[in-house]
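Participant: Got a structure for you, written out below as structure tokens; questions coming shortly.
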DNA sequence: TTACAGATGCAACTGAGTTGCATCTAGGTT
DNA sequence: AACCTAGATGCAACTCAGTTGCATCTGTAA
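Residue numbers (the working numbering), protein chains in the order written: chain A, 1 to 143; chain B, 144 to 286.
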């Protein structure tokens, strides 16, 4: 995913951001990640890649990338924030409670209708929502 | 709501739990609460009611009440756990991002259909889900 | 009234995230 | 190539939510 991550790096540079080794690697790591990462997981990946960086830097990089719309925050049932590359379309997650694997889902029929009902009934204007499904993935439910 | 809370106290006693002043008051507080409470808010309420209790006790009481199915955990966008009386029916929340008010909603058409689609498409067996709506309540959107 | 399991309080700890500040460096300028 | 400086980094110390170990206290059954 190095080619794709280079595009992001280019974008950041065009926006006047400085490209440090940490930032470069962090973008790469998110391109290779198969699931949303916590700050701690990201720090671990950096360490494995022998890019030294303090946790403060990790948190600050995440913050910046969220501001640039490159990362999105994801929240599961624990109290830790996770981040994934912003896909540009609104989706939800299937989180396997056994193995922790995460898959993206786009709902066949989205929640727009529900939001309308909510507005009519409660005069509550929904700005955003969060929806995650917890259960067992195919391979875990076989066991 | 003292009468209703007495029922819970009775239930707990029948199940062999000891009724301490803290536990009694905590159940009362949840009956009076108009929104899910954090451990800190609960501790504050106890203090106001002049029932002295350490935060450890607060956390332990919450844990027990969740085990007994009296409380349910609720998670909003911050990293704090909140709890509310278990209503016995599955519902979601409308959280006002301006004033913090929380209302319960039962979706007209629930997510059962989505769960079926997910199972067919991904062979992912959904055990539970979390869905919260964030936006503006009637009075805040008027301002 | 008493015995004791279960509840409590306190202190010390963990883990996630934040802040202040001195130092370093990416990358534009000379 | 060397220089300059705003922005990035590292470190230490902190906050905040929640947890753990352990000595002490108490609700309640006998």
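Just so you know, even glycine gets a beta-carbon here, dropped at the ideal spot from N, CA and C.
Does residue 275 (chain B) come within less than 7 Å of chain A when only Cβ atoms are used?
Facilitator: Output row for residue 275 (chain B): interface = yes.
Participant: Looking at residue 246 (chain B) and residue 200 (chain B), is the spacing between their C-beta atoms short of 7 Å?
Facilitator: The answer is no: Cβ separation not under 7 Å.
Participant: I think residue 127 (chain A) touches residue 278 (chain B), with their Cβ atoms under 8 Å apart; what is that distance to the nearest whole Å?
Facilitator: Contact flag correct, Cβ pair sits at about 4 Å.
Participant: Since residue 226 (chain B) meets chain A, which of its residues come closer than 8 Å, beta carbon to beta carbon?
Facilitator: Within 8 Å Cβ-Cβ: nothing; residue 226 (chain B) doesn't reach chain A, min ~14 Å.
Participant: Cβ atoms of residue 72 (chain A) and residue 86 (chain A): under 7 Å apart, would you say?
Facilitator: A contact, by the Cβ cut-off of 7 Å.
Participant: By DSSP's criteria, residue 93 (chain A) is part of a beta bridge. Which residues make up the other side?
Facilitator: According to DSSP, which records beta bridges pairwise, residue 93 (chain A) is partnered with A:104, A:132.
Participant: Terminal residues of the continuous alpha helix (DSSP H) containing residue 203 (chain B)?
Facilitator: First-last of the alpha helix (DSSP H) with residue 203 (chain B): 198-210.
Participant: Let's test the definition: count the other Cβ atoms within 10 Å of the Cβ of residue 168 (chain B) and tell me whether it reaches 16, buried, or not, exposed.
Facilitator: The residue in question, residue 168 (chain B), is buried, as its Cβ has 16 or more Cβ neighbours within 10 Å.
Participant: Closer than 7 Å, Cβ to Cβ, to anything on chain B: give me those residues from the stretch 114-127 of chain A, in chain order.
Facilitator: So the close ones are 114, 117, 118, 122, 123, 124, 125, 126, 127.
Participant: Going by C-alpha distance, which of B:264, B:208, B:280 is nearest residue 308 (chain B)?
Facilitator: Nothing can be reported for residue 308 (chain B): it is not among the residues displayed for chain B, which extend from 144 to 286.
Participant: Just how far apart, CA to CA, sit residue 236 (chain B) and residue 112 (chain A)?
Facilitator: Residue 236 (chain B) and residue 112 (chain A): Cα-Cα distance of roughly 16 Å.
Participant: What residue range does the alpha helix (DSSP H) around residue 71 (chain A) cover?
Facilitator: Per DSSP, residue 71 (chain A) belongs to no alpha helix (DSSP H); it is in the beta strand (DSSP E), 71-75.
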